[in-house]
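Numbering (my numbering), first residue to last: 77 to 248.
Structure follows, in structure tokens:
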């Protein structure tokens, strides 16, 4: 049986002062007070038109002020298009195969252009099941599916609206 963490001999014993937790409590009060008074002073200066270039708080006033996204953020999916407007997808089924949530369903068909072997007659992506892992984007050999729309708001009023077809995925 393993020794509990608080009984381990290599762990340093707390002094009496540290065991009262007063230093830790005081450090938390000081940190919170520092942020409070800094933001209060900056808001007062902003009211008089001063120091506008310094933001007063770390809070984003959503939905008026959107939070900046990281470059590698995974947002809602989209299908890329060729020059003629058709989907770049060649229905290789790799994204459907690698998807851990099994939320992608593709039906392949023969493409009328002899230079292109197949195309997705039906491409369905259920965002209600998607876990946003990004595996579909990584595995795609044609760079046909991307998660770079910048759209985080995917809420819908019904489950049926969470199912995106090929047309809706190409709109973004």
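Yeah, the Cβ is synthetic: ideal placement off N, Cα and C, and Gly gets one too.
Under the three-state DSSP convention, the category residue i falls into
{"i": "residue 199", "result": "strand"}
{"i": "residue 217", "result": "coil"}
{"i": "residue 154", "result": "strand"}
{"i": "residue 114", "result": "helix"}
{"i": "residue 176", "result": "coil"}
{"i": "residue 239", "result": "strand"}
{"i": "residue 99", "result": "helix"}
{"i": "residue 244", "result": "helix"}
Nearest-angstrom Cβ-Cβ length linking residue i and residue j, presumed shorter than 8 Å
{"i": "residue 195", "j": "residue 166", "result": "7 Å"}
{"i": "residue 254", "j": "residue 226", "result": "No answer is possible for residue 254: it lies beyond the span of the chain, which begins at 77 and ends at 248."}
{"i": "residue 153", "j": "residue 221", "result": "6 Å"}
{"i": "residue 122", "j": "residue 128", "result": "6 Å"}
{"i": "residue 228", "j": "residue 151", "result": "6 Å"}
{"i": "residue 204", "j": "residue 246", "result": "Actually they are not in contact, since the Cβ atoms of residue 204 and residue 246 sit about 20 Å apart, beyond 8 Å."}
{"i": "residue 242", "j": "residue 198", "result": "7 Å"}
{"i": "residue 93", "j": "residue 85", "result": "About 22 Å separates the two Cβ atoms, so there is no contact after all."}
{"i": "residue 177", "j": "residue 215", "result": "With 8 Å as the limit, residue 177 and residue 215 do not qualify as a contact, their Cβ atoms being about 14 Å apart."}
{"i": "residue 217", "j": "residue 170", "result": "7 Å"}
Boundaries of the alpha helix (DSSP H) in which residue i is found, first to last residue
{"i": "residue 183", "result": "Premise fails: residue 183 lies in the beta strand (DSSP E), 180-186, not in any alpha helix (DSSP H)."}
{"i": "residue 193", "result": "That residue, residue 193, is in no alpha helix (DSSP H); it is neither H nor E in DSSP."}
Residue i, buried or exposed, once every other Cβ within 10 Å from all chains shown has been counted against 16
{"i": "residue 97", "result": "exposed"}
{"i": "residue 147", "result": "exposed"}
{"i": "residue 142", "result": "exposed"}
{"i": "residue 182", "result": "buried"}
{"i": "residue 106", "result": "exposed"}
{"i": "residue 233", "result": "exposed"}
{"i": "residue 138", "result": "exposed"}
{"i": "residue 186", "result": "exposed"}
{"i": "residue 159", "result": "exposed"}
{"i": "residue 90", "result": "exposed"}
{"i": "residue 163", "result": "buried"}
{"i": "residue 155", "result": "buried"}
{"i": "residue 172", "result": "buried"}
{"i": "residue 180", "result": "buried"}
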